[in-house]
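Inspection log for the structure reproduced underneath, given as structure tokens.
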């Protein structure tokens, strides 16, 4: 969720790391890729953040305003967008079967900051399968659980470690 | 219907890998890599049906399918200069209340989406 840390608040401790990732994308070090599944998660986070900040149900207009900002951001940054439905439909059997394989082979990882154990979850594995299907080189994440993923050609870009 | 010889089939399968556009997957949708060449040969046996619009047809216990490359709905483009800085903390600019959220509140919301470790 680097997009959340980038767009919500510049004072958050993870903002500088998310900002550094997008700066690298702007400079052409990476070609950014996102799927509509990630955008759905972003919308979920935006609804909760706005509701919590305003202490009332977020209006659809407010949510759409921020979704438009994300859309503008993707456009101006030249980030590629894949329709997750098309990717899944393209190969009907692969996504959930592959997600199960990734979870089966993943090793739990003890977090270096919170000293708790982390393993990728179902949605994480689906994101990774989408990344594999569109042949992404790397998967950018703050989630330490991805360090335990085995048997994939996608390299884990753990942002807390890449940008110190 | 004519069958291809194994050597022709092999040439064509190798062509898929060279093309860099399409991929091969097995019945379970798992990608087949060129390093799995012996497996590919077993799957094709000495008889292989011609390519159809649906991809290669089943030849024995296993089949190989051609997976067409998925096209993005937004293609990559060079970023506009200054784009990254322009959008920093944009949600707090639109809604000042968001700037007052504590880090822990944002962390909890993100955590509810992913089982992410919270960096202290």
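Chains as they are written, first to last, in my numbering: chain A, 1 to 164; chain B, 165 to 284. Glycine included, each C-beta is placed from N, C-alpha and C at the ideal position.
Cβ-based burial, residue i [other Cβ within 10 Å; buried from 16]
i: residue 40/A; result: exposed
i: residue 98/A; result: buried
i: residue 241/B; result: exposed
i: residue 264/B; result: exposed
i: residue 276/B; result: exposed
i: residue 100/A; result: exposed
i: residue 35/A; result: buried
i: residue 25/A; result: buried
i: residue 197/B; result: exposed
i: residue 145/A; result: buried
i: residue 6/A; result: buried
i: residue 120/A; result: buried
i: residue 122/A; result: exposed
CB contact below 9 Å: residue i versus chain B
i: residue 1/A; result: yes
i: residue 164/A; result: no
i: residue 31/A; result: yes
i: residue 149/A; result: no
i: residue 178/A; result: It is not possible to answer for residue 178/A, since the shown part of chain A is limited to 1 through 164.
i: residue 134/A; result: yes
i: residue 106/A; result: no
i: residue 137/A; result: no
i: residue 37/A; result: no
i: residue 131/A; result: no
i: residue 140/A; result: no
i: residue 103/A; result: no
i: residue 125/A; result: no
i: residue 154/A; result: no
Inter-residue spacing [alpha-carbon to alpha-carbon] between residue i and residue j
i: residue 18/A; j: residue 8/A; result: 11 Å
i: residue 226/B; j: residue 96/A; result: With a pLDDT of 47 at residue 226/B, under the threshold of 50, the modelled position of that residue is not reliable, and no figure is offered here.
i: residue 268/B; j: residue 151/A; result: 34 Å
i: residue 42/A; j: residue 57/A; result: 17 Å
i: residue 108/A; j: residue 125/A; result: 14 Å
i: residue 255/B; j: residue 262/B; result: 7 Å
i: residue 247/B; j: residue 72/A; result: 9 Å
i: residue 16/A; j: residue 249/B; result: 11 Å
i: residue 105/A; j: residue 133/A; result: 18 Å
i: residue 21/A; j: residue 46/A; result: 21 Å
i: residue 142/A; j: residue 1/A; result: 7 Å
i: residue 38/A; j: residue 115/A; result: 27 Å
i: residue 252/B; j: residue 70/A; result: 11 Å
i: residue 64/A; j: residue 50/A; result: 11 Å
i: residue 270/B; j: residue 66/A; result: 16 Å
i: residue 10/A; j: residue 274/B; result: 16 Å
i: residue 139/A; j: residue 82/A; result: 15 Å
Per-residue contacts from residue i into chain B (C-beta, under 9 Å)
i: residue 54/A; result: 259, 261 and 262
Under 7 Å from the C-beta of residue i: neighbouring residues of chain B
i: residue 86/A; result: 234
i: residue 22/A; result: 248
i: residue 8/A; result: 253, 255, 256, 262 and 270
i: residue 158/A; result: Correct list: empty, because the minimum Cβ distance to chain B is about 10 Å.
Chain-ordered chain D contacts of residue i [CB-CB under 7 Å]
i: residue 44/A; result: The chain inventory of the structure shown lacks chain D, comprising the protein chains A and B.
Proximal residues of chain B, C-beta to C-beta of residue i below 8 Å
i: residue 28/A; result: 242 and 243
i: residue 48/A; result: 273 and 276
i: residue 25/A; result: 243 and 248
Proximity test, Cβ basis, 9 Å: residue i and chain A
i: residue 218/B; result: Interpretation of residue 218/B is limited by its pLDDT of 42, a score under 50 that renders its predicted location unreliable; the figure taken from the coordinates is listed afterwards. Answer no: the Cβ-Cβ gap between residue 218/B and chain A never drops below 9 Å.
Proximal residues, the region 258-280 of chain B versus chain A, C-beta separation under 8 Å: 258, 259, 261, 262, 263, 264, 265, 267, 269, 270, 273, 274, 276, 277, 278, 279 and 280
Residues, ordered as in the chain, of the region 60-83 of chain A that lie near chain B by beta-carbon distance below 8 Å: 62, 65, 66, 69, 72, 73, 74, 75, 76, 77, 78, 79, 80, 81, 82 and 83
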